[in-house]
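Peer 1: Structure provided below as structure tokens; questions to follow.
Residue numbers (the working numbering): 300 to 438.
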């Protein structure tokens, strides 16, 4: 896997993935940025959320669950001192579908957290406390 991050101006960068997709990353104005994109740590948090939601959809799809929507809401805490690493992350999944079974959703969340989500497992190995919850909504 490869990526390229090019400085453009102030504290703004354009990051390009190996698959050819680009995103603007920027800092806040009080740090020389123009607020034109997410902060680097926000990108990390969004990437983790996307990774685990991706897993949950794959697992539920294989179980032939009829999912119509899946949202991962993330709430993170960071250390007060530098480096200001993540210390805790809570992920709350809102899974919507028709006739979803609680055991299936619970198992999908557990499998993502314990076996499949490379991003969250990497963060846990780095000392971040990650917790999960979920709710199921009928479509």
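Quick reminder that beta carbons are idealized off the backbone N, C-alpha and C, glycines included.
Can you tell me whether residue 329 is buried or exposed? The criterion is at least 16 other CB atoms within 10 Å of its CB, across all chains shown.
Peer 2: Exposed, since its Cβ has fewer than 16 Cβ neighbours within 10 Å.
Peer 1: For the stretch 390-408 against the stretch 348-365, do three or more pairs of beta-carbon atoms, one drawn from each stretch, fall closer than 8 Å, so that the two count as touching?
Peer 2: The answer is yes - the stretch 348-365 touches the stretch 390-408, with three or more Cβ pairs under 8 Å.
Peer 1: Hey, out of 386, 384, 369, whose CA is closest to residue 399's CA?
Peer 2: Nearest C-alpha to residue 399: 369.
Peer 1: Within the same chain, show all residues whose beta-carbon is closer than 8 Å to that of residue 346, passing over the 5 residues directly before and after it, in chain order.
Peer 2: For residue 346, where only same-chain residues beyond five positions count, the Cβ hits under 8 Å are 418.
Peer 1: Hey, how far is the Cα of residue 315 from the Cα of residue 363?
Peer 2: Taking the straight line joining both Cα atoms gives about 34 Å.
Peer 1: Would you mind sorting residue 425 into buried or exposed? The rule is 16 or more other CB atoms within 10 Å of its CB.
Peer 2: Exposed.
Peer 1: Measure the C-alpha to C-alpha separation of residue 367 and residue 394 and round it to an integer number of angstroms.
Peer 2: So the two alpha carbons sit approximately 8 Å from each other.
Peer 1: Just tell me which of 433, 351, 324 has its CA closest to the CA of residue 416.
Peer 2: Of the listed residues, the one whose Cα sits closest to residue 416 is 351.
Peer 1: Return the CA-CA distance between residue 414 and residue 372, expressed in angstroms with no decimal places.
Peer 2: So the two alpha carbons sit approximately 20 Å from each other.
Peer 1: Tell me which residue opens and which closes the alpha helix (DSSP H) that residue 350 is part of.
Peer 2: 339-361 is the extent of the alpha helix (DSSP H) around residue 350.
Peer 1: Whole angstroms are fine: how far does the CA of residue 307 sit from the CA of residue 336?
Peer 2: So the two alpha carbons sit approximately 12 Å from each other.
Peer 1: In the DSSP assignment, the beta strand (DSSP E) including residue 397 goes from what residue to what residue?
Peer 2: It spans 385-397 - the beta strand (DSSP E) in which residue 397 sits, taken as one unbroken run.
Peer 1: Going by other Cβ atoms of all chains shown within 10 Å of its Cβ, with 16 needed for buried, is residue 378 buried or exposed?
Peer 2: Answer is exposed; the Cβ neighbour count stays below 16.
Peer 1: Please classify residue 331 as buried or exposed, where buried requires at least 16 other C-beta atoms within 10 Å of its C-beta.
Peer 2: Result: exposed.
Peer 1: Thinking just about the alpha-carbon of each residue, which of 412, 320, 438, 429 is nearest to the one in residue 355?
Peer 2: Answer by Cα proximity: 412.
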